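Structure first, commentary second.
Number of protein chains: 2
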Amino acid sequence: RVPNVVIRRLVLYLRTLVDMDIRSDENLFISSQELGERAGVTAAQVRKDLALFGEFGKQGVGYHALSLMRELQAILKVDRDIAVGLVGAGELGMAMTRYNIRRYNQNPDYLFRMAALFDIDPEKIGKDVEGVPIFPVQEMEERVRELNIQIMTIAVPAAVAQEITDMVVRSGVKAILNFAPIKLTVPSDVHLYSADVSLDLQQLAYYL
Amino acid sequence: RVPNVVIRRLVLYLRTLVDMDIRSDENLFISSQELGERAGVTAAQVRKDLALFGEFGKQGVGYHALSLMRELQAILKVDRDIAVGLVGAGELGMAMTRYNIRRYNQNPDYLFRMAALFDIDPEKIGKDVEGVPIFPVQEMEERVRELNIQIMTIAVPAAVAQEITDMVVRSGVKAILNFAPIKLTVPSDVHLYSADVSLDLQQLAYYL
Ligand SMILES: NC(=O)c1ccc[n+]([C@@H]2O[C@H](COP(=O)([O-])OP(=O)(O)OC[C@H]3O[C@@H](n4cnc5c(N)ncnc54)[C@H](O)[C@@H]3O)[C@@H](O)[C@H]2O)c1
Ligand SMILES: NC(=O)c1ccc[n+]([C@@H]2O[C@H](COP(=O)([O-])OP(=O)(O)OC[C@H]3O[C@@H](n4cnc5c(N)ncnc54)[C@H](O)[C@@H]3O)[C@@H](O)[C@H]2O)c1
Chain A
-10 RVPNVVIRRL VLYLRTLVDM DIRSDENLFI SSQELGERAG VTAAQVRKDL
40 ALFGEFGKQG VGYHALSLMR ELQAILKVDR DIAVGLVGAG ELGMAMTRYN
90 IRRYNQNPDY LFRMAALFDI DPEKIGKDVE GVPIFPVQEM EERVRELNIQ
140 IMTIAVPAAV AQEITDMVVR SGVKAILNFA PIKLTVPSDV HLYSADVSLD
190 LQQLAYYL
Chain B
-10 RVPNVVIRRL VLYLRTLVDM DIRSDENLFI SSQELGERAG VTAAQVRKDL
40 ALFGEFGKQG VGYHALSLMR ELQAILKVDR DIAVGLVGAG ELGMAMTRYN
90 IRRYNQNPDY LFRMAALFDI DPEKIGKDVE GVPIFPVQEM EERVRELNIQ
140 IMTIAVPAAV AQEITDMVVR SGVKAILNFA PIKLTVPSDV HLYSADVSLD
190 LQQLAYYL
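Here it is in structure tokens:
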């Protein structure tokens, strides 16, 4: 199992390449030095990370940018559509959903498709967000199967987050992005990542 | 200047210690091995990072957990209140603001205090979020000075994000947390961090 911090760096390398908009340039090469500078790591770290997955670059020439991008997309499994669900169509959930829909519609390399939202509020159930339906949370298991949802985002209040996570696990989803500010427990075959805006604030505080 | 990726790891070490709720245990020691495992990095990486800032641990004994936590708070400058502002009191802005207020009220180690929101919508200006006022964006410069706002969060639509960022820089703020999905340019003495939920999704996709 490759450590999570390595995967996080690969995601940054891919993002760096996508941001450079290299899609049109067949002849562009990029050195580990340049890729490292843009991603905030050393050139040696770039070479060490990529070497875990195969031989991509040539000594002295660097990496063929377009091929490296395709390789990273394949490693990170973003070379195909991934259906994403979200529980808790509140303020955070709605903002995240609209953001994802916009990115998906604008960028061909962005492959996270919002498939469904889930909530318990009768005012919200039966509505949709730019075409993405809001289902009752009781229908989670059947909708996950029907829509092949592979990642579920948790945007419910902390008090119900563990109970909702257990439902998500029972429905067969193996990857969870959690926003609720509590420590969740999941079985060892489920991958959980807890996002937290305060980490970003703490990082900025250092530079004051 | 310490590289950003090192600061990001220090934030994780601090968060790990805060999450272990060690505040009450004067006699707790933690090894670089255990701290590394909880934070997702190698023991050697922990030692290398901490050594940049001084001698904290003893060979074979580990780090005194409470002292290490205080040292990290001092390094990351979170041993004092930091006033945070936010521009764009929309769905994301409101969710982030309420989240920060709740964390600040619940946890004595959480030192980011929401001081003010800014917006252009007449329906929102003059209101407040749990006591935090929403000011017109034209008043930013004077309110930043009056409230000593040190970090500004950007939660406006991408189309106006650069224009708003320029206003924030003119008002004297040196640290910006950006959520708008565009590349912003800031002067070299301003530190900018762009959060992006799609990075979290891409990291999870690897494990599917
Ligand atoms: N990690 C971060 O950086 C961060 C930032 C902002 C908010 N948050 C967290 O995100 C969560 C959502 O915040 P918000 O501001 O959108 O709250 P909100 O109250 O606006 O939304 C919560 C939604 O969850 C729904 N809900 C409640 N119980 C449910 C259940 N049992 N099953 C299904 N749906 C249920 C509600 O109907 C509502 O639509 C909170 O836990 C908050 O602390 C985290
Ligand atoms: N990075 C991420 O992961 C992520 C996730 C969700 C949303 N977003 C982004 O966050 C931003 C906000 O999203 P939202 O869903 O809250 O949008 P929203 O439309 O609900 O809120 C935008 C707010 O900005 C205000 N505003 C508009 N122009 C302004 C100006 N010139 N000065 C001051 N305020 C102004 C509006 O009045 C509104 O209150 C968008 O750019 C969106 O793409 C990013």
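Here the protein sequences come in this chain order: A and B. Okay, so the first sequence: first residue is -10 according to our numbering, each after it adds one. Okay, so the second sequence: first residue is -10 according to our numbering, each after it adds one. Just so you know, even glycine gets a beta-carbon here, dropped at the ideal spot from N, CA and C. From a predicted model like this one, the values you see are computed outputs, not experimental measurements.
Residue environment, residue i, which counts as buried when at least 16 other CB atoms sit within 10 Å
i         : result
Val158/A  : buried
Asp189/A  : buried
Ile123/B  : buried
Asn167/A  : buried
Asp8/A    : exposed
Leu173/A  : buried
Val76/B   : buried
Ala150/A  : buried
Val50/A   : exposed
Glu60/A   : buried
Gly43/A   : exposed
Val(-9)/B : exposed
Asp38/A   : buried
Arg92/A   : buried
Gly161/A  : exposed
Ala33/A   : exposed
Arg(-2)/A : buried
Ala194/A  : buried
Ser187/B  : buried
Leu41/B   : exposed
Opening and closing residue of the alpha helix (DSSP H) in which residue i lies
i        : result
Asp189/B : Val186 to Ala194
Tyr2/A   : Asn(-7) to Asp8
Arg36/A  : Ala32 to Ala40
Glu26/B  : Ser21 to Ala28
Below-8 Å beta-carbon distance, residue i vs any chain E residue
i        : result
Gln139/A : The structure shown has no chain E; the protein chains it does contain are A and B.
Continuous beta strand (DSSP E) stretch holding residue i: start and end
i        : result
Arg102/A : Phe101 to Asp108
Leu181/B : His180 to Ser183
Residue i versus the options, residue with shortest Cα-Cα distance
i         : options                                    : result
Val121/A  : Asp38/A, Val73/A, Leu39/A and Lys37/A      : Val73/A
Ile90/B   : Arg102/B, Leu75/B, Ile71/B and Leu1/B      : Arg102/B
Leu100/B  : Ala84/B, Tyr2/B, Ala144/B and Arg69/B      : Arg69/B
Met85/A   : Arg87/B, Ile165/B and Leu81/B              : Leu81/B
Gln48/A   : Leu6/A, Gln127/A, Ile11/A and Ser20/A      : Ser20/A
His180/A  : Leu193/A, Glu128/A and Ile165/A            : Ile165/A
Ile143/B  : Glu130/B, Ala184/B, Gly161/B and Arg(-2)/B : Ala184/B
Glu230/A  : Thr154/A, Ala147/A, Ala105/A and Ile109/A  : Chain A is shown from -10 up to 197; residue 230/A falls before or after that span and cannot be answered.
Asp108/A  : Met129/A, Tyr182/A, Ser177/A and Val162/A  : Met129/A
Tyr196/A  : Ala63/B, Ile153/B and Val186/B             : Ala63/B
Leu17/B   : Tyr52/B, Leu3/B and Leu24/B                : Tyr52/B
Ile140/A  : Asp98/B, Ile153/B, Leu41/B and Gln192/B    : Gln192/B
Asp117/A  : Asp98/A, Val186/A, Met83/A and Phe45/A     : Met83/A
Ala78/B   : Val126/B, Glu23/B, Arg36/B and Asp10/B     : Val126/B
Glu152/B  : Arg134/B, Asn137/B, Val175/B and Val133/B  : Val175/B
Tyr88/B   : Asn(-7)/A, Ile171/A, Val(-5)/A and Leu3/A  : Ile171/A
Met156/A  : Ala169/A, Ser177/A, Asp178/A and Val133/A  : Val133/A
Ala226/B  : Val186/B, Leu41/B, Tyr182/B and Ala147/B   : Any property of residue 226/B remains undetermined from this structure, which presents chain B solely from -10 to 197.
Asn96/B   : Arg4/B, Ile(-4)/B and Val0/B               : Arg4/B
Asn(-7)/A : Asp98/A, Leu65/A and Asp10/A               : Leu65/A
message: Any contact between the segment 106 to 113 of chain B and the segment 24 to 34 of chain B? By contact I mean 3 or more CB pairs, one from each, below 8 Å.
response: With contact defined as three or more Cβ pairs closer than 8 Å, the segment 106 to 113 of chain B and the segment 24 to 34 of chain B are not in contact.
- request: Kindly provide the ranges of any alpha helix (DSSP H) runs that are 4 or more residues long and lie completely inside the segment 54 to 83 of chain B, ordered along the chain.
  value: With a minimum length of 4 residues, the continuous alpha helix (DSSP H) runs that stay inside the segment 54 to 83 of chain B are 54 to 64.
field: Whole beta strand (DSSP E) elements within the segment 112 to 164 of chain B, 3-residue minimum
entry: Counting only runs that start and end inside the segment 112 to 164 of chain B, the beta strand (DSSP E) elements of at least 3 residues fall at 121 to 125 and 138 to 143.
query: Looking at C-beta atoms only, is the number of pairs between the segment 54 to 62 of chain A and the segment 122 to 141 of chain A that lie closer than 8 Å three or more?
result: No, the segment 54 to 62 of chain A does not touch the segment 122 to 141 of chain A.
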